[in-house]
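One structure is given here, and the rest of the page talks about it.
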Amino acid sequence: MKKIFKKWDRSFFLLGFIVLLFFAGSVLLYVLLHSDDVSEKVNRNESFSVLTVVHDKKTKEIVFSNILFYSPLTHRASFLDIPANSGELIPRLKRIDRIDTVYKPGRPEAYKEAVEKLINSQIDFTVDMEIHDLGRLVDLLGGIEVFVMNPKDISGEDNMIYSIPLGSYKIDGFKAPFYLADCMESDLQNEVMSFTNDFYHELGVQSEFFNRHIFKKIRSFMNTDWDKSSFYSFLEEMKIMKKDLTDYKLTYGKLEKLNDNTEVFFPQQNGSALKNLVRNINNAISNPELSQENLLNINLEILNGTSVNGLARQTGELYKSFGYNIINVRNNENTDVEKTEIIDCAGNGEILKLLGDVIGCTNFRTLDDPVNQSESKILLPHYIIILGKDFDGKVCR
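What follows is the structure in structure tokens.
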């Protein structure tokens, strides 16, 4: 009888060992084969976007929101400011309203959906932070370099007065919320996006020095849809991001009042300009040739080849809303041009179609001797748009 039990004991031990070995092998195989959401994008050289939302816990309102577009292929990034009061059709409300009406602090999913509808593009990831938690993160990073355009004095909880001086300096976590809120009140969204850019880059650079305790603390201040592995992968990309080449784009439009006197911001051209701007951003950051030349900042000269007053200025505002730099607007020498023409002065024909799509122009020409901007001492246009009589102010007929 004892021999039978010993035999069974050995059998159970062997069976248990096999099961344990199988389980360990499965876990190892999962770890080796499993890749997180960010690294999957990176491995495919696929661009991704991150919606950053910063709110105030006292008012429960959004302080600012912007989108980071990033290409692992070129390590180029671009930021787009998203006004929280932008108007969009809100399905759950069955009416047009501000997109921040659906926002709940710590639960940005509905706001993300509204922004996706606004820009007609999927947003891959979301980061939601309370503005004072953002300040605590700034302190963990040792401060963020900023340029202050509006110096001011602020009072602390200890009744002391602290100054935010004019010029460039490293701002600490206590002053950061005041600085960011003041930038938004002063329409300095570019400064806010620059701050966000530096913040993510510093977070990536310093991540290799984070111990488990610091990393856990950082995660507690940032409400994200990343797991631990995805967050690490994101920080790795931010470490190698070419932050000095980052572009900052604004959403252009106008304020209007709804029936209840609510002020709502409506992007230009019923939102089509913003949607095309997003498309242009993604094309620019993911194209190695465009990224190398930093041609997301494209200089345009608009010439009015017709007798219609103000046509070049109006068209310049249109192209500006798409993210292009308008360096000159004037009348053409010949004001009897029949057909609108876009001239490539920089020798990069890939942009011509993007420019033509804005106004429906297909008449292109490239200079035989393209101008090298880097060798010129003055600011020259990359492209010249000569408006003809076929252009009705919106599209070429």
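Reading the sequence shown from the start, the letters are residues 7 to 403 in this note's numbering. Ideal Cβ placement from N, Cα and C applies to all residues, glycine included.
Q: At 3 residues or longer, and completely inside the region 103-144: list those beta strand (DSSP E) runs for me, N to C.
A: 131-136
Q) Once you ignore the five residues that flank Gly259 on each side, which residues in its own chain have a CB closer than 7 Å to its CB? A) Locating residue 259 in the sequence shown gives position 253, where the first residue counts as 1. Only Phe271, Phe272, Pro273 and Gln274 meet the Cβ criterion.
Q.
Please state the DSSP three-state secondary structure of Thr268.
A. By one-based count along the sequence shown, residue 268 stands at place 262. Here Thr268 sits in coil by DSSP.
Q: Taking 8 Å as the cut-off, decide whether the C-beta atoms of Thr312 and Thr268 are in contact.
A: Within the sequence shown, numbered from 1, the residue matching residue 312 stands at position 306. Within the sequence shown, numbered from 1, the residue matching residue 268 stands at position 262. Not closer than 8 Å, so no.
Q | C-beta atoms of Lys395 and Glu356 nearer than 8 Å | A | Working through the sequence shown from its first residue, we reach residue 395 at position 389. Working through the sequence shown from its first residue, we reach residue 356 at position 350. The answer is no: Cβ separation not under 8 Å.
Q: Would you mind sorting Asp266 into buried or exposed? The rule is 16 or more other CB atoms within 10 Å of its CB.
A: Translated into positions along the sequence shown, residue 266 becomes position 260. Classification of Asp266: exposed, given that the 10 Å Cβ count is below 16.
Q. Between the C-alpha atoms of Asp103 and Lys263, what's the straight-line distance to the nearest angstrom?
A. To locate residue 103, count along the sequence shown from 1; it is residue 97. To locate residue 263, count along the sequence shown from 1; it is residue 257. About 10 Å.
Q | Buried versus exposed, by CB contacts within 10 Å (16 or more), Val401 | A | As a first step, residue 401 must be located in the sequence shown, where it is residue number 395. Counting every other CB atom within 10 Å of its CB across the protein chains shown gives Val401 a total below 16, marking it as exposed.
Q.
For Val60 and Leu140, which I take to be in contact (beta-carbon distance under 8 Å), what is that distance rounded to the nearest angstrom?
A. Within the sequence shown, numbered from 1, the residue matching residue 60 stands at position 54. Within the sequence shown, numbered from 1, the residue matching residue 140 stands at position 134. Cβ-Cβ separation between Val60 and Leu140: approximately 6 Å, consistent with a contact (criterion under 8 Å).
Q) So, is Leu358 buried or exposed, given that buried needs 16 or more other C-beta atoms within 10 angstroms? A) As a first step, residue 358 must be located in the sequence shown, where it is residue number 352. Under this definition Leu358 is a buried residue.
Q: Answer with buried or exposed for Glu191, where buried requires no fewer than 16 other C-beta atoms within 10 angstroms of its C-beta.
A: On the sequence shown, position 185 is the one that residue 191 refers to. Around the CB of Glu191, fewer than 16 other CB atoms lie within 10 Å, so the residue is classed as exposed.
Q) Assuming Thr230 and Thr132 make a contact with CB atoms under 8 Å, what is their CB distance in whole Å? A) Within the sequence shown, numbered from 1, the residue matching residue 230 stands at position 224. Within the sequence shown, numbered from 1, the residue matching residue 132 stands at position 126. Going by Cβ atoms, the distance from Thr230 to Thr132 rounds to 7 Å, so yes, they are a contact pair.
Q. With a Cβ-Cβ cutoff of 8 Å, do Leu85 and Asn288 count as a contact?
A. Within the sequence shown, the letter at position 79 stands for residue 85. Within the sequence shown, the letter at position 282 stands for residue 288. The sequence shown places Phe at residue 85, rather than the Leu named in the question. No.
Q. Between Tyr254 and Asp398, what straight-line distance do the alpha-carbon atoms span, to the nearest angstrom?
A. Indexing the sequence shown from 1 puts residue 254 at position 248. Indexing the sequence shown from 1 puts residue 398 at position 392. Their backbone Cα atoms lie some 31 Å apart in a straight line.
Q: Just mark Phe215 as buried or exposed, buried being the case when its beta carbon has 16 or more other beta carbons within 10 Å.
A: Along the sequence shown, read from residue 1 onward, the residue named residue 215 stands at position 209. Exposed is the call here.
(Q) My assumption, with CB atoms under 8 Å, is that Pro183 sits in contact with Leu172. Please give the rounded CB distance. (A) One-based indexing of the sequence shown puts residue 183 at position 177. One-based indexing of the sequence shown puts residue 172 at position 166. Incorrect: roughly 19 Å between the Cβ atoms, too far for contact.
Q) Which word fits Phe240, buried or exposed, when buried means at least 16 other C-beta atoms lie within 10 angstroms of its C-beta? A) Locating residue 240 in the sequence shown gives position 234, where the first residue counts as 1. By the neighbour-count rule (16 or more Cβ atoms within 10 Å), Phe240 is buried.
(Q) Here's a check: name, in chain order, each residue in its chain whose Cβ is nearer than 7 Å to the Cβ of Val121, leaving out the five neighbours to either side. (A) Counting from one through the sequence shown, the residue named residue 121 turns up at place 115. Leu57, Ile88, Ile105 and Ile129.
Q) For Ala352, which option in Asn49, Asn282 and Tyr389 has the closest C-alpha, if you only look at C-alpha atoms? A) Sequence index remark: in the sequence shown, residue 352 carries index 346 (1-based). Per the Cα distances, Tyr389.
Q: Output yes or no for whether 8 Å exceeds the beta carbon distance between Thr346 and Ile392.
A: In the sequence shown, residue 346 corresponds to position 340, counting from 1. In the sequence shown, residue 392 corresponds to position 386, counting from 1. In this structure, Ile392 lies closer than 8 Å to Thr346 by Cβ.
Q: Run the CB neighbour count on Asn286, radius 10 Å, all protein chains shown included, and call it buried at 16 or more, exposed below.
A: Counting from one through the sequence shown, the residue named residue 286 turns up at place 280. Counting Cβ neighbours within 10 Å, Asn286 comes out buried, since at least 16 surround it.
Q) CB Asp204 to CB Lys248, shorter than 8 Å? A) Counting from 1 along the sequence shown, the entry for residue 204 is found at position 198. Counting from 1 along the sequence shown, the entry for residue 248 is found at position 242. No. Outside cutoff.
Q) So who's on the other strand from Ser55, going by DSSP bridges? A) The residue labelled residue 55 in the question sits at position 49 within the sequence shown. In the DSSP output, where bridge partners are listed per residue, Ser55 has Phe75.
Q) Around the C-beta of Asp350, are 16 or more other C-beta atoms found within 10 angstroms, so that it is buried, or is it exposed? A) One-based indexing of the sequence shown puts residue 350 at position 344. The residue in question, Asp350, is buried, as its Cβ has 16 or more Cβ neighbours within 10 Å.
Q | Whole beta strand (DSSP E) elements within the region 307-354, 3-residue minimum | A | If we require 3 residues or more, the beta strand (DSSP E) runs fully inside the region 307-354 come out as 331-337 and 347-350.
Q | Where Asn293 sits in the DSSP three-state scheme | A | Residue numbering aside, residue 293 sits at position 287 when the sequence shown is read from its first letter. Note: Asn293 maps to coil in three-state DSSP.
Q: Please state whether DSSP places Phe359 in a helix, a strand or coil.
A: Taking the first residue of the sequence shown as position 1, residue 359 is located at position 353. Correcting the residue type first, residue 359 is Lys in the shown sequence and not Phe. Of the three classes helix, strand and coil, the one that applies to Lys359 here is helix, per DSSP.
Q: Specify the secondary structure class of Val152 as computed by DSSP and reduced to three states.
A: Along the sequence shown, read from residue 1 onward, the residue named residue 152 stands at position 146. Reduced to three states, the DSSP call for Val152 is strand.
Q: Taking Glu94 as part of the alpha helix (DSSP H), name the residues at either end of that continuous run.
A: For the purposes of this step, residue 94 is taken as residue 88 along the sequence shown, with counting starting at 1. First-last for Glu94: Gly93 to Ile96, but that is the beta strand (DSSP E), not the alpha helix (DSSP H).
Q. Are three or more beta carbon pairs between the region 195-203 and the region 211-225 nearer than 8 Å?
A. The region 195-203 is not in contact with the region 211-225.
Q. Thinking just about the alpha-carbon of each residue, which of Asp62, Leu306 and Glu94 is nearest to the one in Gly362?
A. Taking the first residue of the sequence shown as position 1, residue 362 is located at position 356. It is Leu306.
Q) Cβ atoms of Ile150 and Ile160: under 8 Å apart, would you say? A) Counted from its first residue, the sequence shown places residue 160 at position 154. Counted from its first residue, the sequence shown places residue 150 at position 144. Not in contact: Ile160 and Ile150 (Cβ atoms no closer than 8 Å).
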